Every structure is written in C-alpha cells, then in structure tokens.
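Numbering (the numbering used here), first residue to last: 1074 to 2079.
Next up, the structure:
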C-alpha cells in the first residue's frame, strides 16, 4: 500500500516548469566535450563508484585517508590496500594501474600521482578554492553568470577554545576581504536588487557549534552564554560591513539548542530589525514541520523577516547509525521519498508565509525547485521573499536554467584546504553517487516522467502511526534489528529539554534525602551496627550523602548462615522465575533512572551523562543475564540411539561479590544479578565510598521480589568483613573488581583449602589496566584528539578502561600533542552536578594524594605539557599530560587511576604495538588509523581484552562489547558476554540407557 502526496492545484504547473528546467539541463554536449570527459580520471573515479557499490565504499575510504598521506609511496601503498581487497571488483584500467610490485617503484609513483591529482580535481569541483584568492575568482565568475553566493570556511573540527576563537577571527577577516573586493564589482541587478530593495552583495554561512568547543545540549545555558558572545561580535561586524550571515544546521543533537540560541539573540534589541540573517531547516527530520511552524510564529512576534534556508539534510547516514546504536527513535525519514514529500510540504508552508519569512529553497532536484516556483508564482510571492540555492559544483546546470528563467540563485561556496575539506567532499560524493540521487538519475538519462513524478511514500511497517506533527505522510519504520540480537536500554537523550528538566528535578529529590542511615540487610531484615561511617560527596567533602552501618564479622557469619539456609529453595526455583525477578529489577531501575543517576553523581562524583550511561548498563546486565540464564537452562542434548545424554547446569552455592566505587551501580549489579540468576545465594560487599548506591540497588532487588537470605547487603571493612567472607569455607564463588594488589591477594587466599571446605573456590577478578591508544600517521586527528581526551579524562581517568598512555608515531606527534593539550585545556573542571562539567573530583583524599605522588614522579622522568589547576573545595585534581615519556617510566607502567596521561613517541607502527603491549596489563586498547594493514595487525597482535578502533576506549556496552582483560588485568570471562554466567554454574552430564530388553524408543515413531 502506498500513500500518494496529495495532488494539488500546483501539480500541473510543477510538471510544466520541471520539464522546461530539465530540457535546459539536458542539452547535448559536443563530441569533443564528451570525449574529453571520458579521458578525465576524476570522472572515471565517479563513474566507477556509481557502477560498483563495493568499489564505492573502498574508494571513498581511500579518498578520506588521502590528505593524511605524506608521500607518493604512502599513497601507492594505501591505494593497493584499499582497492586491492579481494572483495572489490576493479575496472580493467584501475586493475592495471594498481599492478605494481612496490609502492616506491616508478609504476607505484605514477599510480599515486594519477589518483592524487584526480582526487584533487574532484575536490575542486565541489570546493570553490583552497584560499580566499581562489574563492574570490570563483565568486566573481558566479556574479558574471548572475548568481549570488554564500561562503563557508572549511576547517578542522573545533575541539579547542583556541580553535573556536580562531574560527570567529577567520570569519571576521573573511567578511572584511569580501566586502573590500565587492567595492570593485559591477552591479548585477538580478542578484543585488529585489523589488527595488538592495540586497547584501556579501553573505557568509557559519556553524553555531564552531563558536564553542564544548558545545553540548546537556549544558544548554552554558553553551548559549559562550556561543552568544561570539555570535554578537560576528553580527555587529557584519552590520558595520553590510554583509549577510546565514546559520547552517548540523547534527540533530544540536538542532533544538541551535534554534533556541538564534531565536533569543535575534529578539535582542540590537539585532531584532536585521533582515539579512538566515536560519536552516532540514526536511529529512521528522519534526521539521513542527520546527518550521514554531519559527514562523516566532518571526511574526519578531516583526522583521529572516531567511529560512530549506534543505533536505546532509547527515542521514550519521543520524540513522547514531539512533540505531543508542536505541533512540530515528530522527530522520528512512525513505528518501518521504523527505522529498516533506520538502514540498515545507516549501508550501514557507511560501504561504512569505510576509513573515523569506525562503531559500536549497535543492538540486529539478522537481523540488519547480514545485517552489509553481507555488511562488501561484501565490504571487514577491521576488525579495524567495530565492533558489545550490551547492557549488552540484547544481551548475539547474542554477543556470533558473537564472535564465529570471530567478535569483545563490550558490553555497565552501573554500579551504583539501585536508579539512575532505569530510565535505565525501558527503558530496556520497550524495552524487547514491542510487536515489536526482543528479545521478538525471545523468543516467532516466525518463522525464520518472524524474519529475511526485514522490510516492511507502506506508511503512504494519502498526506505523502518522507523525505527531500531522504531516500528510507516515513516518518510515525504524531500521530492522537482527532477531538474535539483545536490545539494550536507551541512554537519556539530553538534547531534549524535558529530559534535562527531569534530571534537575531528580537532584532536588535526592538532595532532600541526603544524610540518611543505610544498614546491612541480613536474612531480609535491616540490622543495626555498632560502627557507622559517612559517605561524603567528593566534590564537597563536608556534605554527607549517607551514613553507612558497617557490619561486624559476627554479623557476616549470620549472613553466611542465612545464605546457606536459603540456598536449597533458591537453587530449585525455576530459572524463568529467577529471570522474572531480574527483569522486574531492570524495570524499577528504568523508572528510577534519573534518581539513580543523581545518587551516582553525588556519591562518587561522576558527571551526569556518564552516570546515566551507568544506569543503562545496570539495566542491561539484569535483562541480558535473565535472557542468558533461560538459554543455558535449556541445556544441550547429545543423544545417540538407545541413549540420552543431557548436558545441564546447576548453581555453585554461595557467591561473595566485592564491588568497586568507580562503577558503583553497574558493576555491583552485574556481578550480583549474574550470581543470583544462576541460582546462587549472594552477599554483596560494596566499596565503602559507594555504599549508598548499593543500598539503593538493595531496595530495588527487594522490591523486585528477591527472597530472604538469597540476596544480602553486607557493607563492612574490606580488611575485616571482606577478608572473612573470602576465606570462609562456605564461599563458592568470589566476584571481585578492584586493584591488582587486592585481587591477587583474594586469588591466593581463595586457593587455600580451609577445614571443612569440600570444593575449590572460583575467583572472578577484574584488576585494572594501563591502557594505551595508538595513533598512526594515517589517523584522523580530529577524531583521535577527541577520542583520547574523552578516554583519558572522562570520570577523571577513574575507569578501569581509561586511557593512561597515548603512543604516537613521530610524523604526527607534534601536531597531535599540540591539539591534545589545547583540547584538554578547554575542558570544564568542577562539580559534576553542574551540566557543564566534564572533569569532576577523584573519589577521596587517599586517591588524590596517591595521584599527586605519581605526578611528582612523572615530573622527574618526563616533560609536563599541561598541568591544569583545580578547585580546592573537594578531592579535585586537574588533568595532567606528560610528553616525551619513556615506555619504561613509572608513569607509563603503573596504574595511576586518575587524570594523568603519558604521551610516548615511536618511530613506526611495529614499535607502537610493542610499547602498547609492554606492560603487565591487557585490559583495553585503542587504535586510530586509516591504514587497513595496521588495523589488521592490531587485531592480531594488540594484547588487550577489548580493542577499540577509531573510537573511544571506554563505555563498553553489555552484549555488544563484553568487557574484561587478561595478563594481570584479571581472570575470568568477560562481563556482559555469553560466557559470563558459566562461571557461577557447575556443568553436569546425565546419561541414561533407554534400551529395555534390546529395544529403545524411536523418535518420531507413531
């Protein structure tokens, strides 16, 4: 079933205009022009990419890498690696060119030169110049063709405050140069005047997020303050010069905050009457009509029009992948026809409101532009109130056809160096070569009727509902999830204001409950203790989060006896019932998500977004282990004729869980519910500094229906209660996460057979890491710097998986270090409750003092590139970066567990791997590289339990990245993986001879 976009009064006119435009864009070229194009390598590359999807992917990946390659042999080697893949079917000409023995041979150099030149030529089709001089030539040529322009500076991602300030200064300088040049331009009435009103000759397009390196919807107010100061400077200078400014729209996460900031600034008295400013709406977004309606209402209130550039959207792949990974609703239409239909719908809405907003219709689709003209002409929209826009190099023919018909056309002209412009080029190439691209379909000479037909929108999956914004076509169904995969809990999307408000209310709720006393739970009863300790907020150690009753050894023995008494009934409880309790606990956590996050922030100083991710992980552990236990409970049949063989599992007995403070909810939950769902009675002894959070976990498990004695909460001194339970003869399993020193002691003590003990204890221990990220010469440094900063300083470096070493090849070492230091300097240090904070406190005074000792040792063996100051009202330590560190230095070998990073320079990739592997640990590791052979080698030789390539090395997700290491990083199977529950179970084989008097049941016999 399909839904046709409503046939309207505009359709006949749309068809008529579209046919005229199409005829103008399809004029036949001369024989010599066609021949010349066939000879050009840049055109060949595009043609091959369109005809071969496998080649398209590898070719574009190579092009993405190209600017990072510093020599012809490097280019030749990467060409062979990307395009020599067996899965890629190569055209004969390309196969012949790649057939060289060595990258530094003459044929290799020729291949490198040919492809590099072709790529550069290709880039210059879409990029208006490497520098302002070249861009001005392009602009002057466009003006001669009666086309207006808007200029965008291509640049590296803004990841430091130095870069954000530089971005502003570049635009101030750009406007100055353009306006100076414009004084010598001859007037072009078609683009300099409209309805007798002069239009700015100069317009620039800017990205809001580039004005503040830490732009984040979670910190909406702080981001707005930082960004607005720089925008005001830009707009004031633009007014002095007489230049227009247009604000581009970026990823969906930034949309609401971007619109909010611009609306607020443009209502300020000094900017309210400006009509030379523009905002962008993306038609591929499902809530774009809602946003446009709100902008029109705002423009009415403002009283002066702004331009709204309507585009389809350039981040479709990124948005769909992110939503899929995060388990969020898709923000974009999955069906291109739905985007096209929405574009037409929004075009009509814009033009109907021409007295309040000016329209800039940005499209290379002849039908989309024809539709806009049909509506504008039917409504007699004044020429000042609308214009057509195209991207430089993408819509040259349609632009000329529109100019010839007397319409104002503006060309979006990005300029800048090839390296930072590569992301833009790839987006354009993807757009040009996609099967659904109008430009591609037009080049393939599809029938005119097909090219200009109204978009037909699929009805979608059964049960689809019409969009909440009442648009005249249904939303696309979500992307399919493989039936076998486990779907995790969705993190909170803090781009939504309602979610930010809920988080704020949760802090108020929790603050009203600080200072309460939490007692041990023994056999279903909370019991008083002789000793209590205060659990304090590490950001402000005068604030008591809760008082913890520390149990005695005698009470620990009572808990052990209660567990023994409860075990026979619990082991016989069906696995489905045990799984039901876990799922109920997960549901309760989901309901209390914001509150649990607030407790984590206040008790252990973890920033809010990371605390929220931890709640998701705890929920996932409950649901995943419930699913896994049901799978394992089915057992295995290995029957043969006359004999049944059942392989089944039974619980081990009593589990002691010793949980850490750094993931106080997730790790405590994971180890505890794994033991419980496997049928073991479980005693949870949390770290003293995070015992309030585990008390909250206890409340949830009790409410979920855990029977008395099956689960017990046993806070106490590790050296007393922890040691007693580890050494107890009735303990069967010890699940521990913490330091190597304590983990090794537990392992040794558990190996000693105690009097009366009739079993060997199973120890599961995760003991930390000295994790490295390797950055090679082909790495995307924008990505690598951001990834290293997040991996090193997220939660102040207090994650087992945190990056504490960065191993960098010498060819990119200086550039990386400079940007790494500046990006770290740009981080906000402070109270984690504040949404702007990225680096909070360390856990307590002992941790702070130990880290300070390591910093002093580092100063004796390496160079301090950065030591940031930190607040003194809590256990704060500012990020510290050491450079020129020896691989064998103390700070490069020992786990520090704080915001301290050692940067190590190496000569080549083999040495980088040797350095990365050169510690006693093997937990997590990272690689930033675009060299396929390096990625392959790392997969084979990088000694880590979790290897992350071209992404951060923290934030493992249950059932997606099962977590755990080897060497001295730990012993046992990976948490959140298919083997984890096996550690809490004993396997048994039951064999029965089913023959009686020489006959046996025959399966399937009647």
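C-beta atoms are modelled at their ideal positions from N, C-alpha and C, and glycine is treated no differently.
Here the structure is a predicted model, which means the values were calculated and not measured.
Nearest neighbour of residue 1268, chosen from 1459, 1799, 1997 [CA to CA]: For this step, residue 1268 is matched to residue 195 along the chain shown. Checked all of 1459, 1799, 1997; the closest Cα to residue 1268 is 1459.
Under 7 Å Cβ to Cβ from residue 2072, same chain only, skipping five residues before and after it: list those, please. As a working note, residue 2072 is residue 999 in the chain shown. No residues qualify anywhere along the chain.
Residue 1176 versus residue 1135: straight-line alpha-carbon distance, rounded: To locate residue 1176, count along the chain shown from 1; it is residue 103. To locate residue 1135, count along the chain shown from 1; it is residue 62. When rounded, the distance between both Cα atoms is 15 Å.
Evaluate residue 1585 with the Cβ neighbour count: other Cβ atoms within 10 Å of its Cβ, from every protein chain shown; 16 or more gives buried, anything less gives exposed. Locating residue 1585 in the chain shown gives position 512, counting from the first residue. Result: exposed.
Are the CB atoms of residue 1234 and residue 2047 within a distance shorter than 9 Å? Taking the first residue of the chain shown as position 1, residue 2047 is located at position 974. Taking the first residue of the chain shown as position 1, residue 1234 is located at position 161. No, Cβ-Cβ distance for residue 2047 and residue 1234 is not below 9 Å.
Residue 1454 versus residue 1363 - alpha carbon distance: The sequence position of residue 1454 within the chain shown is 381, counting from 1. The sequence position of residue 1363 within the chain shown is 290, counting from 1. The alpha-carbon of residue 1454 is positioned some 23 Å away from that of residue 1363.
Using a Cβ distance threshold of 8 Å, determine whether the region 1806–1824 contacts the region 1937–1953, with at least three qualifying pairs required. Contact between the region 1806–1824 and the region 1937–1953 is absent, with fewer than three C-beta pairs closer than 8 Å.
Backbone secondary structure at residue 1536 - three-state DSSP: As a first step, residue 1536 must be located in the chain shown, where it is residue number 463. Reliability fails at residue 1536, whose pLDDT of 31 lies under 50, so the model's placement of it is uncertain and the value that follows must be treated cautiously. Looking at residue 1536 - three-state DSSP - the assignment turns out to be coil, as it is neither helix nor strand.
Cut-off 8 Å between Cβ atoms - residues of its own chain near residue 1773, not counting five sequence neighbours on either side: Within the chain shown, the letter at position 700 stands for residue 1773. Taken in chain order, the residues that qualify are 1658, 1661, 1662, 1665.
Measure the beta-carbon distance from residue 2018 to residue 2038 and round it to whole angstroms, keeping in mind my assumption that it falls under 8 Å. If you number the chain shown from 1, residue 2018 lands on position 945. If you number the chain shown from 1, residue 2038 lands on position 965. About 3 Å; that satisfies the 8 Å criterion.
Skipping 5 residues on each side, what residues in its chain have a beta carbon closer than 7 Å to that of residue 1335? Position 262 of the chain shown holds residue 1335. Within the same chain, and ignoring the five residues on either side of residue 1335 in sequence, the residues whose Cβ sits closer than 7 Å to its Cβ are 1320, 1352.
Curious, which full-length alpha helix (DSSP H) runs of at least 4 residues does the region 1258–1297 contain? List check, alpha helix (DSSP H) in window: 1262–1265.
So who's on the other strand from residue 1590, going by DSSP bridges? Within the chain shown, residue 1590 is the residue found at index 517, counting from 1. Under DSSP, residue 1590 takes part in a beta bridge, and its partners are 1620.
When 1591, 1370, 1276, 1212 are compared against residue 1259, the one with the closest alpha-carbon: Translated into the one-based positions of the chain shown, residue 1259 becomes position 186. When only C-alpha atoms are compared, the closest one is 1212.
Starting from the C-beta of residue 1217, find all residues in its chain whose C-beta is less than 7 Å away, skip the five residues before and the five after it, and write them out in chain order. The residue you call residue 1217 lines up with position 144 of the chain shown. Cβ neighbours of residue 1217 beyond the five flanking positions: none.
My parser needs the alpha helix (DSSP H) runs of 4 or more residues fully inside the region 1948–2009; what are they? As far as the region 1948–2009 is concerned, its whole alpha helix (DSSP H) runs of at least 4 residues are 1963–1966, 1982–1989.
C-alpha distance - residue 1593 paired with residue 1920, whole-angstrom precision: Residue 1593 sits at position 520 when you count from the first residue of the chain shown. Residue 1920 sits at position 847 when you count from the first residue of the chain shown. Taking the straight line from one Cα to the other gives about 26 Å.
What are the boundary residues of the alpha helix (DSSP H) that residue 1925 is part of? Within the chain shown, numbered from 1, the residue matching residue 1925 stands at position 852. It spans 1918–1934 - the alpha helix (DSSP H) in which residue 1925 sits, taken as one unbroken run.
What whole-angstrom Cβ distance do residue 1621 and residue 1733 have, given they're in contact under 8 Å? Start at 1 with the first residue of the chain shown, and residue 1621 comes out as number 548. Start at 1 with the first residue of the chain shown, and residue 1733 comes out as number 660. Here residue 1621 is actually not in contact with residue 1733; their C-beta atoms are around 16 Å apart, not less than 8 Å.
Would you please state the rounded distance, in angstroms, between the beta carbons of residue 1652 and residue 1702? I believe it to be under 8 Å. Locating residue 1652 in the chain shown gives position 579, counting from the first residue. Locating residue 1702 in the chain shown gives position 629, counting from the first residue. Indeed they touch by this definition, with Cβ atoms about 6 Å apart.
Does the region 1379–1391 touch the region 1401–1416, meaning 3 or more C-beta pairs lie closer than 8 Å? With a cut-off of 8 Å, the region 1379–1391 and the region 1401–1416 count as touching, because enough Cβ pairs lie within range.
When the Cα of residue 2042 is compared with those of 1479, 1817, 2013, 1975, which residue comes out closest? For the purposes of this step, residue 2042 is taken as the residue at position 969 of the chain shown. Residue nearest to residue 2042 within the set 1479, 1817, 2013, 1975 is 1817 (criterion: CA-CA distance).
In three-state DSSP terms, what is residue 1521? Along the chain shown, read from residue 1 onward, the residue named residue 1521 stands at position 448. In the structure shown, residue 1521 sits in a helix (DSSP, three-state: H, G or I).
Just to confirm before moving on: does the CB-CB distance between residue 1914 and residue 1950 stay below 9 Å? Working through the chain shown from its first residue, we reach residue 1914 at position 841. Working through the chain shown from its first residue, we reach residue 1950 at position 877. Against a cut-off of 9 Å, the Cβ pair of residue 1950 and residue 1914 comes out as a contact.
Any idea if residue 1105 is buried or exposed, counting beta-carbon neighbours within 10 angstroms, 16 or more meaning buried? Working through the chain shown from its first residue, we reach residue 1105 at position 32. With a pLDDT of 45 at residue 1105, under the threshold of 50, the modelled position of that residue is not reliable, and the figure given next carries that caveat. The residue in question, residue 1105, is exposed, as its Cβ has fewer than 16 Cβ neighbours within 10 Å.
Is it the case that the Cβ atoms of residue 1415 and residue 1370 are separated by a distance below 9 Å? Looking up residue 1415 in the chain shown gives position 342. Looking up residue 1370 in the chain shown gives position 297. No, these two residues do not count as a Cβ contact at 9 Å.
Which whole-angstrom value is the C-beta distance of residue 2001 and residue 1852, which I expect to be below 8 Å? Against the chain shown, residue 2001 aligns to sequence position 928. Against the chain shown, residue 1852 aligns to sequence position 779. The Cβ separation is near 4 Å, so the contact holds.
Measuring alpha carbon to alpha carbon, tell me which residue in 1976, 1990, 1891, 1126 is nearest residue 1503. Translated into the one-based positions of the chain shown, residue 1503 becomes position 430. With distances taken between Cα atoms, residue 1503 lies closest to 1126.
Indicate the three-state DSSP secondary structure (helix, strand or coil) for residue 1877 in the structure shown. Stepping through the chain shown from its first residue, residue 1877 is reached at position 804. In the displayed model, residue 1877 falls within a strand according to three-state DSSP.
Could you round the C-beta distance between residue 1163 and residue 1128 to whole angstroms and report it? I think they count as a contact, below 8 Å. For the purposes of this step, residue 1163 is taken as the residue at position 90 of the chain shown. For the purposes of this step, residue 1128 is taken as the residue at position 55 of the chain shown. The distance from the Cβ of residue 1163 to that of residue 1128 is about 7 Å, consistent with a contact at the 8 Å cut-off.
For residue 1580, does the three-state DSSP call read helix, strand or coil? As a working mapping, residue 1580 is identified with position 507 in the chain shown. In this structure, residue 1580 counts as helix in the three-state DSSP scheme.
For residue 1475, is the beta carbon positioned less than 8 Å from some heavy atom of the ligand MG? Here there are no bound small molecules, and the ligand MG is not part of this structure.
Tell me residue 1652's beta-bridge partners as DSSP assigns them. Numbered from 1 along the chain shown, position 579 holds the residue referred to as residue 1652. None, per the DSSP bridge assignment.
Taking the continuous alpha helix (DSSP H) assigned at residue 1701, which residues delimit it? Numbered from its first residue, the chain shown carries residue 1701 at position 628. It spans 1681–1706 - the alpha helix (DSSP H) in which residue 1701 sits, taken as one unbroken run.
For residue 1809, which three-state DSSP category applies? Your numbering for residue 1809 matches position 736 in the chain shown. In the displayed model, residue 1809 falls within a strand according to three-state DSSP.
Would you kindly report the start and end of the unbroken alpha helix (DSSP H) that includes residue 2027? Translated into the one-based positions of the chain shown, residue 2027 becomes position 954. No alpha helix (DSSP H) contains residue 2027, which DSSP labels as neither H nor E.
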